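Everything on this sheet refers to the single structure shown next.
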Amino acid sequence: MEKLMIAGGYPLKGTVRISGAKNSAVALIPATILADSPVTIEGLPDISDVQILKGLLEEIGGKVDFTDNDMTVDPSTMISMPLPNGKVKMLRASYYLMGAMLGRFKKAVIGLPGGCHLGPRPIDQHIKGFEALGASVSNEQGAIYLRADELKGARIYLDVVSVGATINIMLAAVRAKGRTVIENAAKEPEIIDVATLLTNMGAKIKGAGTDVIRIDGVDQLHGCRHTIIPDRIEAGTYIILGAAVGDGVLIDNVIPQHLESLLAKLREMGVHIEVNDDQIFVRSVPKMKAVDIKTLVYPGFPTDLQQPLTSLLTRAEGTSIVTDTIYGARFKHIDELRRMNANIKVEGRSAVINGPVQLEGAKVKASDLRAGAALVIAGLMAEGVTEVTGLEHIDRGYSHMVEKLNGLGATVWRENLSKEEIEQTKNA
Ligand SMILES: CC(=O)N[C@H]1[C@@H](OP(=O)(O)OP(=O)(O)OC[C@H]2O[C@@H](n3ccc(=O)[nH]c3=O)[C@H](O)[C@@H]2O)O[C@H](CO)[C@@H](O)[C@@H]1O
Ligand SMILES: C=C(OP(=O)(O)O)C(=O)O
Numbered sequence: 001m002e003k004l005m006i007a008g009g010y011p012l013k014g015t016v017r018i019s020g021a022k023n024s025a026v027a028l029i030p031a032t033i034l035a036d037s038p039v040t041i042e043g044l045p046d047i048s049d050v051q052i053l054k055g056l057l058e059e060i061g062g063k064v065d066f067t068d069n070d071m072t073v074d075p076s077t078m079i080s081m082p083l084p085n086g087k088v089k090m091l092r093a094s095y096y097l098m099g100a101m102l103g104r105f106k107k108a109v110i111g112l113p114g115g116c117h118l119g120p121r122p123i124d125q126h127i128k129g130f131e132a133l134g135a136s137v138s139n140e141q142g143a144i145y146l147r148a149d150e151l152k153g154a155r156i157y158l159d160v161v162s163v164g165a166t167i168n169i170m171l172a173a174v175r176a177k178g179r180t181v182i183e184n185a186a187k188e189p190e191i192i193d194v195a196t197l198l199t200n201m202g203a204k205i206k207g208a209g210t211d212v213i214r215i216d217g218v219d220q221l222h223g224c225r226h227t228i229i230p231d232r233i234e235a236g237t238y239i240i241l242g243a244a245v246g247d248g249v250l251i252d253n254v255i256p257q258h259l260e261s262l263l264a265k266l267r268e269m270g271v272h273i274e275v276n277d278d279q280i281f282v283r284s285v286p287k288m289k290a291v292d293i294k295t296l297v298y299p300g301f302p303t304d305l306q307q308p309l310t311s312l313l314t315r316a317e318g319t320s321i322v323t324d325t326i327y328g329a330r331f332k333h334i335d336e337l338r339r340m341n342a343n344i345k346v347e348g349r350s351a352v353i354n355g356p357v358q359l360e361g362a363k364v365k366a367s368d369l370r371a372g373a374a375l376v377i378a379g380l381m382a383e384g385v386t387e388v389t390g391l392e393h394i395d396r397g398y399s400h401m402v403e404k405l406n407g408l409g410a411t412v413w414r415e416n417l418s419k420e421e422i423e424q425t426k427n428a
């Protein structure tokens, strides 16, 4: 087990290149199951979620080569192996194996997913979709059992706008008989990316990126090459970091339109931002204004950037209120930020942040992926050294974070935990 050491209080400068999108990657990889010949996905991030999914595809008999961020999957030798336990519990997106395996084999057994603990994360809308397509679904001892004699297109209205349910239903529907219409679908860029891959594989999908998606089922899907979109959440994290401690940070390989809600808020705070075609330049300013933020489905402010932004808001003058309408309990980072001298309290679904304060280095623990990002940003802003544990969460979603930070002039390194520290982490 390791901890991340951060020598804080120094300005960062230079260029950071953004990796492929985690939340696309974790759907694109399972989508390859639906093809009958090899699929290559270019530009995948080097993160543990991707490695785990690679292992899961191999468990079901796929041949997978992952070299220099490009993954080629030969799905022709895959079998419908039950996956009730094991690796599926290590990430959220293993739920996409349900839609993809159901679509290909008309049956699947997949353990309930893991991922970040952000309060309750039900999958009732995924199940409603599978049932509407004709599958019988049961939950037995923590695993979902799915079976269908035949999948038939259906009209499905999502009661909750869900990224996961939208993609999962697409995966199950592309090889179903007839037309499926998903209404009240999520509109996140990752959904368009998955639809693009499936279309390149021969699927017939219209409307991805709007709230009505129409899918006309086809009998077979074939191999293709696909380049993943850049990670807007990783990009947003480095933009926030640049706003916090940047003496001129260029974020390279981004799609600026994916980040409009964040850029608007940062401009409101007074942060200096310049946008080019696929780059965003950000520079910190001595004084920033407090702002209120409400997380919403895309194109609203993303819940995944709420935690990193909280760290920056400790520097803003006045009171900021951050309300998470998607995950009302996504505030486990707040206690840790308080250890670093932040003046924040949680009231219901909101965090109330009073600033400005000078953060101070401390020993803190990442409880989930974006809490980890928030603590790294706070560590870079703080005076003194910060030690962050819980790195397995950060490794799920940030490719080569230490190298990227040090490339901007930070002094950040990983160290093994002592036996004593491992015991303390277990008891915490
Ligand atoms: C792997 C992946 O892409 N993860 C992202 C995805 O998670 P995920 O796909 O799990 O999130 P959803 O969009 O499904 O969840 C949105 C909201 O709907 C609720 N809900 C969802 C499904 C369901 O069947 N029933 C239900 O009630 C959830 O509890 C949540 O309040 O979108 C989230 C919201 O942008 C992001 O934070 C995650 O980073
Ligand atoms: C919550 C997240 O991921 P997951 O849904 O994979 O747990 C995230 O990426 O912030």
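For what it's worth, the UniProt record's numbering labels the leading residue of the sequence shown as 1, then goes sequentially. Here a beta-carbon is modelled for each residue, glycine too, at the ideal position from N, C-alpha and C. Since the structure is predicted, the reported quantities are computational estimates derived from the model, not experimental observations.
Residue environment for Arg414: exposed (fewer than 16 other C-beta atoms within 10 angstroms of its C-beta). Gln424 carries a helical assignment under DSSP once its states are collapsed to helix, strand and coil. Membership of Leu158 in any beta strand (DSSP E) is not indicated, and neither H nor E is assigned to it by DSSP. Between Ile60 and Val88, the CB-CB gap reaches or exceeds 7 Å. Where Thr295 is concerned, the enclosing beta strand (DSSP E) starts and stops at 293-295. Within the same chain, Gly119, Gly348, Arg349 come within 8 Å of Gly328 by CB-CB distance, once the 5 residues on both sides are set aside. Considered as a whole, the region 195-282 harbours 232-245, 260-269 as its complete alpha helix (DSSP H) runs of no fewer than 4 residues, in chain order.
Around the C-beta of Ile422, fewer than 16 other C-beta atoms lie within 10 Å, and the residue is accordingly described as exposed.
Of the residues Gln51, Ser76, Ile18, Asp46, the one whose Cα lies closest to the Cα of Val39 is Ser76. One Cα belongs to Ala31, the other to Leu266, and the distance between them is close to 36 Å.
Scanning Ile353, Val271, Val285, Leu112 for the CA closest to the CA of Gln307 turns up Ile353. For Asp395, the distance from the CB to the nearest heavy atom of ligand 2 is not below 6 Å. One thing to note: Ala100 has its Cβ no nearer than 7 Å to the Cβ of Leu146. Here the alpha carbon of Thr325 sits roughly 10 Å from the alpha carbon of Phe301. Taking a cut-off of 8 Å for Cβ pairs, the region 329-345 and the region 359-369 touch, as three or more such pairs fall below it. The secondary-structure analysis by DSSP pairs Arg147 across a beta bridge with Lys107, Ser136. With respect to the C-alpha of Lys404, the residue from Asn85, Ile18, Ala25 having the closest C-alpha is Ile18. Here Thr389 carries a strand assignment [DSSP, helix/strand/coil].
Within the DSSP bridge table, the entry for Ile6 names Thr386, Val412 as partners.
Separation of Pro113 and Arg92 (C-alpha to C-alpha, rounded to the nearest whole angstrom) is 5 Å. Cβ-Cβ distances below 7 Å link Val357 to Thr314, Asn341, Ala342, Asn343 in the same chain, with the five nearest sequence neighbours on each side left out; the list follows chain order. Under the three-state reduction of DSSP output, Lys177 falls in the strand class.
Between the alpha carbons of Ser399 and Ala235 lies a distance of about 12 Å. About 5 Å separates the CB atoms of Gly43 and Ile228; that is less than 8 Å, so the two are in contact. A Cβ-Cβ contact shorter than 7 Å links Ala366 with Ile394. Residue environment: Asn139 is assigned as exposed (fewer than 16 neighbouring CB atoms within 10 Å of its CB, all protein chains considered). Residue environment analysis places Lys54 among the buried positions, since at least 16 neighbouring C-beta atoms fall within 10 angstroms of its C-beta. DSSP, reduced to helix, strand and coil, places Asn343 within a strand of the structure shown.
For Leu198, the closest C-alpha among the options Cys224, Thr210, Ile213 is that of Cys224. Scanning Ile127, Glu190, Asp149, Gly134 for the CA closest to the CA of Asp159 turns up Ile127. Rounded to the nearest whole angstrom, the CA to CA distance from Pro286 to Ala382 is 15 Å. For the region 284-341, the full-length beta strand (DSSP E) segments reaching 3 residues or more read 293-295, 318-324 along the chain.
Under a 10 Å Cβ-count criterion, Lys206 is classified as exposed, with fewer than 16 other Cβ atoms of the shown protein chains found around its own Cβ. Contact between Asn184 and Asp211 holds, since their C-beta atoms are separated by about 6 Å, short of 8 Å. Remark: the shortest separation between the CB of Asp304 and any heavy atom of ligand 2 falls under 6 Å. The beta carbon of Val254 sits closer than 8 Å to the beta carbons of Ile18, Pro230, Arg232, Ala235, Asp278, Gln279, Ile280 from its chain, once the five residues preceding and following it are set aside; these are given in chain order.
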